[in-house]
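Visitor: Once you've had a glance at the structure underneath, I'll fire off some questions.
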Amino acid sequence: MTSLLCTQPRTVLILGTGYLGKALAESLRKAGHTALTADIDTQRAIYEADVTDADSMRSLAARIPSPDIIVMCASTRGGGEDAYRSLYIHGTQNTLEAFPGKPVIFCSSTSVYGITDGRWITEEHNVYPASGKSGLLIQAEQAVLAAGGTVVRLGALYGPDRCVLVSQYCTKGTALPGDMDRWINYIHRDDAVGALHLLCTLREPPSGIYNLTDRTPMQLGEIYSYLSGLLGRPAPQPEPLRAEARRGFSNQRISCSRLLALGWEPLYPSFADGVHNVLEALEE
Numbered sequence: 001m002t003s004l005l006c007t008q009p010r011t012v013l014i015l016g017t018g019y020l021g022k023a024l025a026e027s028l029r030k031a032g033h034t035a036l037t038a039d040i041d042t043q044r045a046i047y048e049a050d051v052t053d054a055d056s057m058r059s060l061a062a063r064i065p066s067p068d069i070i071v072m073c074a075s076t077r078g079g080g081e082d083a084y085r086s087l088y089i090h091g092t093q094n095t096l097e098a099f100p101g102k103p104v105i106f107c108s109s110t111s112v113y114g115i116t117d118g119r120w121i122t123e124e125h126n127v128y129p130a131s132g133k134s135g136l137l138i139q140a141e142q143a144v145l146a147a148g149g150t151v152v153r154l155g156a157l158y159g160p161d162r163c164v165l166v167s168q169y170c171t172k173g174t175a176l177p178g179d180m181d182r183w184i185n186y187i188h189r190d191d192a193v194g195a196l197h198l199l200c201t202l203r204e205p206p207s208g209i210y211n212l213t214d215r216t217p218m219q220l221g222e223i224y225s226y227l228s229g230l231l232g233r234p235a236p237q238p239e240p241l242r243a244e245a246r247r248g249f250s251n252q253r254i255s256c257s258r259l260l261a262l263g264w265e266p267l268y269p270s271f272a273d274g275v276h277n278v279l280e281a282l283e284e
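Taking UniProt numbering, the leading residue of the sequence shown gets 1, the next gets one more, and so forth.
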């Protein structure tokens with residue numbers, strides 16, 4: 001794999017320094033690369049910038065060293081369709097215009113596939129957005145791909161200090177809504193960082209679509225049973241989904257084989273391997 005990697009330090013611009021972006025910046029710096037971070041929150045980043053504002057992005061481009069590659073990993077933090085449109089549609093366009101010709105890695109979501117029958121999914125599958133927010137993500141993806149960039153579709157991100165399912169189970173003893181046989185595709189934050197780090201440091205800038213999940217999807221019932229045995233408490237019964245809520249839920253098994261072919265190997269091949277890391281953080 002070393003023959004695929006760049007031989008000189010890279011300058012990487014990371015837009016959004018939340019849970020994922022901050023850890024990616026730390027990983028790149030430890031390896032000798034330059035990580036330029038930009039965020040609307042100046043306490044979290046080197047540079048202040050708002051990707052939803054074209055003038056702010058043009059100003060950022062004029063103030064920083066020219067990046068070799070750009071990673072867009074900003075989050076709406078639970079926002080609705082208006083927030084998605086502002087961040088992902090306008091933000092992507094503003095970034096592409098402010099940094100013309102620069103390779104862009106756009107962090108998207110496996111939710112865009114919208115499959116509900118549990119089948120295995122690769123990057124070649126069509127997308128069937130189950131919500132307006134997924135449709136907006138697809139529009140942003142198309143803009144990045146048209147510019148020669150890379151789309152990374154992440155599964156459910158978890159890790160130290162972040163896992164909704166584990167937090168609810170440990171603190172309230174309650175289950176998330178869902179069917180016991182529904183497939184869940186997770187990715188540990190450290191493994192997401194490892195994959196993005198690899199893509200940022202390839203000798204040739206990447207392009208196309210990559211699924212970023214762990215190697216072994218688990219069914220919801222299997223996850224509850226595993227947590228029950230691990231923690232020594234009864235497994236809660238999942239709450240039934242209302243018909244209108246069910247339309248927003250996918251049931252699919254995501255393949256990460258394309259990333260594996262590049263030499264990426266997750267530290268936590270399944271949620272069962274990585275959840276110990278989450279529980280240790282909760283106990284601290």
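Ideal Cβ placement from N, Cα and C applies to all residues, glycine included.
#1: Between L87 and H276, what straight-line distance do the alpha-carbon atoms span, to the nearest angstrom?
#2: If you check the beta carbons only, do residue 309 and P217 fall under 9 Å apart?
#3: Look at V71 and L13 and say whether their C-beta atoms are less than 9 Å apart.
#4: Cβ of S106 within 9 Å of Cβ of V151?
#5: Answer with buried or exposed for Y128, where buried requires no fewer than 16 other C-beta atoms within 10 angstroms of its C-beta.
#6: Where DSSP assigns a beta bridge to H188, which residues make up the other side?
#7: For L260, collect the residues of the same chain with a Cβ closer than 8 Å to its Cβ; drop the 5 residues on either side in sequence, then sort them by chain order.
#8: For V278 and H188, what's the separation of their Cα atoms in angstroms?
#9: Pull up the CB-CB distance for R10 and T201, whole angstroms please, since I reckon it's below 8 Å.
#10: Can you tell me which of the three DSSP states residue 287 falls into?
#11: What is the residue span of the alpha helix (DSSP H) that M57 lies within?
#12: Where does L262 fall in DSSP's three states?
Guide: In short, the structure shows the following:
#1: Roughly 33 Å separates the two Cα atoms.
#2: No statement about residue 309 is possible, as the shown extent of the chain runs from 1 to 284 and does not include it.
#3: Yes.
#4: One point to set straight first is that residue 106 is Phe, not Ser, in the sequence displayed. Cβ atoms of F106 and V151: closer than 9 Å.
#5: Counting Cβ neighbours within 10 Å, Y128 comes out exposed, since fewer than 16 surround it.
#6: Answer is Y158, bridged to H188.
#7: Excluding residues within five positions, the ones whose Cβ falls inside 8 Å are R215.
#8: Computed Cα separation, rounded: 10 Å.
#9: Correct: roughly 6 Å between the Cβ atoms.
#10: Residue 287 lies beyond the range of the chain shown here (1 to 284); nothing can be said about it.
#11: Judged by DSSP secondary structure, M57 falls within the alpha helix (DSSP H) whose first and last residues are A54 to R63.
#12: Shown here, L262 sits in coil according to DSSP, grouped into three states, outside any helix or strand.
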